[in-house]
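Here the structure is laid out as structure tokens; the discussion comes afterwards.
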Amino acid sequence: MPLFIFLSALLNHNFTYALTKKTAAWESKLGSMLSLSLSLSLSLSLLKWMKLLIGKKHAYLILA
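In the numbering used here, the protein residues as written are 3 to 66.
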């Protein structure tokens, strides 16, 4: 009986570790996608305001 308890605890630990590792990788990917989305959104917003303030051609030159 103690061997069964030990093996079930070991399997449970390995399963939990694998699930945690996959969740961390998924959260990391989601975080990087959100960060990229936010930076792209801010860049487009900045470009929009620069086009309004100084004209279309100069805004593209400044951001490039």
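Just so you know, even glycine gets a beta-carbon here, dropped at the ideal spot from N, CA and C. Bear in mind the structure is a predicted one, so any value in this text is a computation, not a measurement.
Given residue i, which residues of its chain have a CB within under 7 Å of its CB, disregarding the five upstream and five downstream residues?
i   : result
L54 : none
Between residue i and the rest of its own chain, which residues show a CB-CB distance below 6 Å, the 5 nearest in sequence each way excluded?
i   : result
W51 : none
Could you pull out every residue in the same chain whose Cβ sits closer than 8 Å to the Cβ of residue i, ignoring the five residues on either side in sequence?
i   : result
S39 : none
S47 : none
Using 9 Å as the limit for Cβ to Cβ distance, is residue i near chain B?
i   : result
S39 : This model lacks chain B altogether; it includes just one protein chain.
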